[in-house]
Structure formats: C-alpha cells, structure tokens
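The structure appears right after this line, and notes come after that.
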Amino acid sequence: MNLKNKKEFSIPFFGRDITMTVSDLAGQANAAVIGQYGDTTVLVTTVMGKEDRAIDFFPLTVDYEERFYAAGKILGSRFMRREGRPSLDGILSGRLIDRTIRPLFNERLRRDVQVVITVLSYDEQNDPDFIALLTASTALSISDIPWAGPVAGVRVAYTGKDMVINPTGTQVQELLIQKGTSEAFFAGVANKINMIELEGREIPDTQVQTIFEEAQKHITELVAFQETIIKEVGKTKTEVALVQDDAALATAVRSFAYDKLQTAVYAKDGETRGVQMKEVKEGLYAHLTGLGFEDKDGADRILEQLINEVVHINILEKEKRPDGRKIDELRPLYAEVGLLKRLHGSAVFFRGQTQSLAVTTLAAPGAEQLVETIESTSKRRFMLHYNFPPYATGEVGRVGAPGRREMGHGALAEKALRAMIPTKEVFPYTIRVVSEIVSSNGSSSMASVCAATLSLMDAGVPIEKPVAGIALGLATHQGYNPTHTSNEFKVFTDLQGFEDHYGDMDLKIAGTKDGITAIQMDLKIQGITPAIFAEGIRQARDARMKILDVIQNVIPAPRKELSPFAPIISILQINPDQIGLVIGAGGKMINGIIEQYGLETIDIDDDGGVFVAGSDREKVQAAVEYIKGLTKEFVVGEVVSGEVIKLLDFGAIVDLGGGKDGMIHISEVKNGFVDKITDVLKMHQMVTAKVVKVEEGKIGLSIKALGPATPAAHTPHAAKPEL
286 MNLKNKKEFS
296 IPFFGRDITM
306 TVSDLAGQAN
316 AAVIGQYGDT
326 TVLVTTVMGK
336 EDRAIDFFPL
346 TVDYEERFYA
356 AGKILGSRFM
366 RREGRPSLDG
376 ILSGRLIDRT
386 IRPLFNERLR
396 RDVQVVITVL
406 SYDEQNDPDF
416 IALLTASTAL
426 SISDIPWAGP
436 VAGVRVAYTG
446 KDMVINPTGT
456 QVQELLIQKG
466 TSEAFFAGVA
476 NKINMIELEG
486 REIPDTQVQT
496 IFEEAQKHIT
506 ELVAFQETII
516 KEVGKTKTEV
526 ALVQDDAALA
536 TAVRSFAYDK
546 LQTAVYAKDG
556 ETRGVQMKEV
566 KEGLYAHLTG
576 LGFEDKDGAD
586 RILEQLINEV
596 VHINILEKEK
606 RPDGRKIDEL
616 RPLYAEVGLL
626 KRLHGSAVFF
636 RGQTQSLAVT
646 TLAAPGAEQL
656 VETIESTSKR
666 RFMLHYNFPP
676 YATGEVGRVG
686 APGRREMGHG
696 ALAEKALRAM
706 IPTKEVFPYT
716 IRVVSEIVSS
726 NGSSSMASVC
736 AATLSLMDAG
746 VPIEKPVAGI
756 ALGLATHQGY
766 NPTHTSNEFK
776 VFTDLQGFED
786 HYGDMDLKIA
796 GTKDGITAIQ
806 MDLKIQGITP
816 AIFAEGIRQA
826 RDARMKILDV
836 IQNVIPAPRK
846 ELSPFAPIIS
856 ILQINPDQIG
866 LVIGAGGKMI
876 NGIIEQYGLE
886 TIDIDDDGGV
896 FVAGSDREKV
906 QAAVEYIKGL
916 TKEFVVGEVV
926 SGEVIKLLDF
936 GAIVDLGGGK
946 DGMIHISEVK
956 NGFVDKITDV
966 LKMHQMVTAK
976 VVKVEEGKIG
986 LSIKALGPAT
996 PAAHTPHAAK
1006 PEL
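Its first residue numbered 286, the sequence shown is counted upward by one per residue in the numbering used here.
Structure (structure tokens):
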C-alpha cells in the first residue's frame, strides 16, 4: 500500500505478518492507523473533542463499521444495496473493543473520544476483531489523547489437547463441533487481562485457567510491539483538564456522610437502602448549604466516591457485603415451568430480585434466520433474544428496538446454551427463546441462561444437559484508590446491582455440571491476575452446581412430548437430483402438496433433506408417503403394485403412486397370446407386476415375469394431489 509519508511496522505472529501503517491518510484525526493481518485490513481513527462537556461521565464512543466491499460482496435488500444498521456481529465486535480500551481512560475525562474501526478488507480466514483491537490500541497510543494503553488481545482455540493462537475461520468452525473444546478472545495490558469472551463445549474449569495464562504471554508480546511504534511516531499527550474535587468540599462531605453510609449502604433491602441513601443526600445538601457550599454536582461526585470506598473496604477487610450475604452466598432461588398452555415452552427463574421469564417457540426449518455479514452468509436455527423493559428496575423509559446492551446480553446467553442444542438431524425444529427480564438486580444475562434452560426442557427440546450461569464481582484496593499498591482482593458470588455499580469486575460464567460453555468478563480496573481468575472460576463452579440442582428439581429432563400447539415435523431423505421434481415448475408441485395435505411448510435442504411440517400428524405422514412415492427410484426386478388407470390397444397404464406410472405391454400381461387388453385387465383393477425396464423416466412392467404364483398386491400408495 503506497501512501504519502507512510511508515510501516511489522512482526511475524503465528504464521502471518502483523503490519501497522501510519501515514497522511485520515490526517485530520488525532491519529489514524491501518492494521493488516494476513489479507484482513482495517483502518482505525481516533478523535478527541475540543471542549469539555458538562456531564457526569466519560463520553467514549466505539463504532465498528463493516463494509460489504471488504469481502467483495454486494449485500443488503434488493431495494437498499448499502450498509445500514450494524449487524449483530459488528455490534459485538464494537463492544469487545470498547470493553477492552475503556478501563484505560481516566474516568474524570469529560471530552468526547471516538474510535472508528472500518473493515477495509476481509480474507475470510483472519478474524477482524484481533487486528481491529490491536490497531485501535496503536492509534490511541500514538495519538495525543490521554490514555493508559497500549492493550492487545488474542483469539485462542483449545482443541481438547492443544492451544491454537489466532486460528483461522475454518479451524474455528471445525473445532466447536467437538466436546471439550473452546474458542475465546482474551485482551488486556502487558501483565493483566481485562476482557474475556469465551464459548466452549464443556471445557474443564482448570483448562480455562491455563488458556488465561497462555493468552497473557502473547498479549505481552503485542504490547511490546506497540511500544516500539510509540517510541518512533508517538505524539506527546495533551494535558486535558480533568474533573477535580474541591478539597474543602471533600472534607465536609466525608465528615458528614462517612459514618451515615455505614448504615445506609447496609440496609436490609434495596428499597430501604434507597430511602436511607436519599435521606443521607438530602441531609448532606442542607449541611453543605449551611457551610456555604453550593456545588451540588461536586458533592454528588464526592459522595459516589465515598460510597465506592465504603463498599470496597468493608468487603476487603470484613467480607461484609451490602445485603449481608457471605462472600460465596447465593441469593434465594426459585423456578417454575409450564406457565401458559399455548406456549410451546415457558419458565421463570428468580435469583433474588433478578427475574427472567423465558419462552421457547418451535417452528419448521424454514423459519431459520438468514444472516449476511462480510464474514459469512449463514442460517441461525437457534436464537435467544433478550428484552430489558424499563419496569424491570422500577423506572419509566423508552420501549422499542433492542439496544446494544440487549443484543450483547442475548448473544452471551445464546452462546452459553448453543453447545447443548441438538443437531437438526436429531431435532429438526427452528428454536427461538425470548428472555423477558421482568425484574433486575444484577446479572440478568445469567438468569436468562437458567430460565432459557428450563423453558427449552419444558418445550421438549432434547438439550444434552441443563446449563446454568452466575456472575461474580471483585473488590480490590485499586477500585477506590488507583495508586494503592496492595495486591489484596476478594471475589464474591452472585453479583447484585449495587455491587456491580461499585465493584471492579463483572465475571459471568455459564456451564453444565461437566464444564464451561461461556465466559464474559468486564472490568473497571486495568486488569486481573491469574490468582483472581482462578478464584472466580472456583466460586462459579460451586454456585453453578447449586443452581443446576434447583433446575433439575423443577424439571429433571426435557419433556418427552412436544406441546400440542407446536408443529409436527417429519423428515425424509431424497436424492439431491430429485429436489427439482419435488418442487416442480414454478413451485407447482410443492405448493400443491402443501395445499392438498393442509401443511404449514415443506423445507428442502441442498443435501436432499426434506422436512414436512403441519399441525395434523396423519396428514403430515400422508404427505411424506406421497413424496416417497414421487421420488422413489424404481429398479429392474422390483415387484410393485398399483391401480390400472388407463387401457390402451397395446397395453395398460398402472399408477405407481407419487405421480408416477408404468406401462404393461399387452405382450407382458400373461403367457400366451392376448387379443384385447380388456380381456385380461379392467379399469381400477389392482395389479402386481415386476419392473422389467427403467429408461429416461419410463417404467416398463410385466405381470407374466412374476411366474405362475403372483405375489399379493402391496398397500396402495397415497393419493396423488390435485395439482
């Protein structure tokens, strides 16, 4: 790539070169870098606003832009051949990068920072996420934007025996159909991990810890590579004014509120806590007004810091949690299935105040979702969708299309269950699960996993094993004082909303009794060590076993019978060359069968798999028999039976079922001379004959070839549809 004033930096990395190119391209951004791995190429720009904003949070935006041209495709609908809303994969990629880089910004920064990742080229093998994160980190690191990077991430596949760093797309597809395997993305700084995404097929808990440590080594290598780039082309960081606390105000807030928070934070329940916290805040305002302080925003910010400190210190020093639970204690659990008779499967799962209502719907294979992205064109036959209405937290808010958070939580829960979903050959249905979060107080995504498991089993989906999930939190001294040097930490089980807000980690782990199926981790601190991760894995396993016991006490195994309101599906296999025969010209044959037998659909796969769906079992089976007859391939020597449907001067036509017929020549009716065919055969007579010729779709039959003993006639074929 020839660009003006370009500088290239390259290193080999697991069989392919990583190349970072800095040039005059996108020169008005604070920094712009082109990253390439294999033939997958991304452009990352980063820009910081010129003015501070009057808000109480750091405004970071990460946009992940997929371009169809990157894969040499023209996608979209017939009427809109351009990129629109990001795909689910694009949203998840953007979230992955956001979750990795965000903890490295100072939360007191009040200027907009935007990172835009544009995928320029995709080679169908090298995952854009890897090079996108590395390039985003490089761009931020060489820019003048204040940031504590660099960071990096690697994709790690575990084959059950070995680890493969940055596997190709083909390797990943082949891998995740095998037991005991996993595919994960780990990211972080040189000596700590701060973001994890993992999908596994019951990977052992201990193996995940080994993968953590292996990933860390390669992340450290990639951080060192970036540091060489920073030394050569890095800009001096801009000195941006950060939000500062008034020292006198901070002293006044602490002296008034610290002791009161020791009571309010540890109220018996969330509602009482809210009332008492409101009283503390109102009392604080009155106190500060009396002292001559009028900065309510500053007082709120300092009070938040004080609450954060109280929560951290009490967990670290006393193992005292806001709701009084022990470090590894679960909130009360409750589950129920079979809520409404017309639903194919339904369940509720409560963990404390967090409640998920999950509903499973079954449909014919044709209801699969077609997914088109630059990385693949595929079909989803298992979908899990997550809804989070505002009433779940007792608030008034917008109800509408799902946001990035809802899509991310749904994708995580789907990932956790995907390994247990039966194959299409075993269970041919398209499966959609919807998790409605009707009440939320922490880790609703893991509640969705539990409720979805119950709902699937209630629907009769033969999942291999139940899956449960749990979220864990973390308290470190760095969580309330970034300059603290202590390595002390406490991991705690079943993260509730208040702890999530003030804690340092949200580590979600899902799995069966035999292994892990999904992990997701987000941090507010720069990273965690192997010791912290190992403790999280241990506590998660203990909690998972308890939750699985509750699930199996409610419904020990998937129901043997499907709901009477679910469609009935029957499967048969035909020769792929006969697909056109079943469909017919312009779909006339297949539509005729659907209409004749009152079916919902007939779906046909490219390999000849035929899925007949309807609400009446007898009609579905009759349609199957008709298709079998339609596609039956007759062979010479086969004995068949059928009804005489036409008499000719030179023979008779016999209906063989499935829209096929054969001809008995007059010379083949019996031994000896036959003057008239009507002397031997009559209309509508059932006859048995042997196939003596099959040529270009024409079937010749012979009765006399059966010999003196004629076999009994077969059961007549299903009636031919009136097409």
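Glycine included, every Cβ here is placed at the ideal spot set by N, Cα and C. Model, not experiment: these values are computed from the prediction.
Looking only at its chain, what residues have a beta carbon closer than 7 Å to the beta carbon of residue i, apart from the 5 residues adjacent to it on each side?
i	result
VAL353	For clarity, residue 353 is Phe in the given sequence; the question names Val instead. So the qualifying residues of the chain are ILE359, LEU360, GLU368, ILE659.
VAL347	GLY379, ILE382, ASP383, VAL400
LEU569	VAL538, PHE541, ALA542, ALA584, LEU588
LEU576	ALA537
PHE470	LEU381, ASP414, GLY438, ARG440, GLU482
VAL332	ALA314, ASN315, GLN399
PRO431	ASN391, LEU394, LYS522, THR523, VAL525
Return the CA-CA distance between residue i and residue j, expressed in angstroms with no decimal places.
i	j	result
ILE462	ARG486	8 Å
THR548	ARG636	25 Å
THR304	GLU293	7 Å
ASN287	ASN391	36 Å
LEU405	VAL723	41 Å
LYS566	SER733	35 Å
GLY872	LEU857	19 Å
ALA998	GLU928	With a pLDDT of 41 at ALA998, under the threshold of 50, the modelled position of this residue cannot be trusted; read the value that follows with caution. If I take the Cα positions, the gap works out to 10 Å.
GLU228	GLY914	Past the edges of the chain, shown from 286 to 1008, lies residue 228, and the structure says nothing about it.
VAL959	LEU933	13 Å
PRO852	ASP554	45 Å
LEU310	GLU468	35 Å
Does the ligand ATP have a heavy atom nearer than 8 Å to the CB of residue i?
i	result
GLY871	This structure simply doesn't include the ligand ATP, nor any ligand for that matter.
Terminal residues of the continuous alpha helix (DSSP H) containing residue i?
i	result
ALA737	729-743
THR423	413-427
SER378	373-386
MET830	815-839
VAL596	581-603
GLY865	864-868
ASP785	782-787
What would DSSP say about residue i, mapped onto helix, strand or coil?
i	result
PHE298	strand
LEU288	coil
PRO993	coil
ARG393	coil
ASN230	No answer is possible for residue 230: the residues shown for the chain start at 286 and end at 1008.
HIS1002	Residue placement at HIS1002 is poorly supported in this model, since its pLDDT is 46, which falls under 50; the coordinates are not used for a value here.
SER540	helix
PHE510	helix
HIS769	coil
GLN463	coil
ILE878	helix
ALA937	strand
TYR1017	The chain is shown from 286 up to 1008; residue 1017 falls before or after that span and cannot be answered.
LYS904	helix
ALA649	coil
ALA686	coil
HIS969	coil
GLY947	strand
LYS809	coil
Counting only the same chain and skipping the five closest in sequence on each side, list residues whose C-beta sits under 6 Å from that of residue i.
i	result
ARG616	ARG636, GLY637, ASP779
ILE804	ILE481, LEU483, ILE794
PRO489	GLY800
GLU699	LEU669
Mind checking which residues open and close the beta strand (DSSP E) that includes residue i?
i	result
SER663	662-665
ILE333	Residue 333 is actually Met in this sequence, not Ile. Per DSSP, MET333 belongs to the beta strand (DSSP E) from 325-333.
GLU928	924-933
ALA632	630-636
ASP791	790-797
Can you list, in chain order, the residues of its chain with a C-beta nearer than 8 Å to that of residue i? Leave out the 5 residues immediately preceding and following it.
i	result
THR916	ILE859, ASN860, GLN863, LEU866, VAL867, GLY943
GLY693	ILE376, LEU377, ARG380
VAL954	GLY936, ALA937, ILE962, VAL965, LEU966, ILE988, LYS989
ASP613	PHE777, THR778, GLN824, ASP827, ALA828
- Task: Check whether the segment 421-439 touches the segment 505-517, counting contact only when three or more Cβ pairs, one atom from each stretch, lie closer than 8 Å.
- Result: yes
- Are there three or more Cβ pairs, one per stretch, closer than 8 Å when the segment 489-506 is compared with the segment 833-853? no
- How do the segment 890-907 and the segment 933-948 stand: do at least 3 beta-carbon pairs fall below 8 Å, yes or no? No: the two stretches stay apart, fewer than three of their Cβ pairs being nearer than 8 Å.
- Query: Should the segment 603-610 be called in touch with the segment 776-795, which here means at least 3 C-beta pairs below 8 Å?
  - Reply: yes
- Message: For the pair the segment 757-766 and the segment 659-672, tell me if three or more CB-CB distances fall below 8 Å.
- Response: Look at the beta carbons and you see the segment 757-766 not touching the segment 659-672: under three pairs across the two are nearer than 8 Å.
- Query: Is the segment 869-889 close to the segment 897-912, with three or more CB pairs under 8 Å?
  - Reply: yes
- Item | Validate contact between the segment 449-465 and the segment 409-421 using beta carbons, cut 8 Å, 3 pairs | yes
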